[in-house]
Each structure stands twice: as C-alpha cells, then as structure tokens.
Amino acid sequence: MKHKIRKCKICQKYTLKEICPICKIETNDPHPPKFSLEDKYIRYRVMDAHKK
Ligand SMILES: [Zn+2]
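Counting from 75, one number per residue, gives the positions in the sequence shown under our numbering.
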C-alpha cells in the first residue's frame with residue numbers, strides 16, 4: 075500500500091488516511107496528478123459554450 079499524503083477539506087489537516095480521523099469524511103489528494111492541458115481545454119470549451 076502506498077503512503078500518499080492526503081488532505082481533509084473540512085479541518086484542512088494532512089493525513090495519510092483515506093478517512094479523516096477527526097471529521098470521519100473522505101480526504102482528498104491536495105495535488106491531483108490528473109491535472110493536464112486537456113483539462114484546461116475542456117474548461118475553455120465550457121466557458122465558450124456559456125457565451126453562446
Ligand atoms: Zn478533517
């Protein structure tokens with residue numbers, strides 16, 4: 075099992091657990107590896123669609 079740093083969006087604390095021990099909710103990866111140029115293009119396309 076990989077030890078990956080995660081962050082709770084409620085208490086803003088970093089943890090290695092998938093569930094925050096304080097808030098008992100799912101934690102998120104603070105540095106999403108999926109961020110890509112493709113994602114930017116999709117956002118621009120969405121903005122463009124809103125203009126029309
Ligand atoms: Zn928390």
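Backbone N, C-alpha and C fix where the C-beta goes; we use that ideal spot for every residue, glycine too.
- Judged by DSSP in its simplified three-state form, Lys83 adopts coil rather than helix or strand.
- Bridge pairing for Tyr88: Lys81 [DSSP].
- Asp103 sits close to Arg80, with the two beta carbons spaced by under 7 Å.
- Screening all residues for a C-beta within a distance smaller than 7 Å of any heavy atom in ligand 1 leaves Cys82, Ile84, Cys85, Lys87, Cys94, Ile96, Cys97, Ile99, in chain order.
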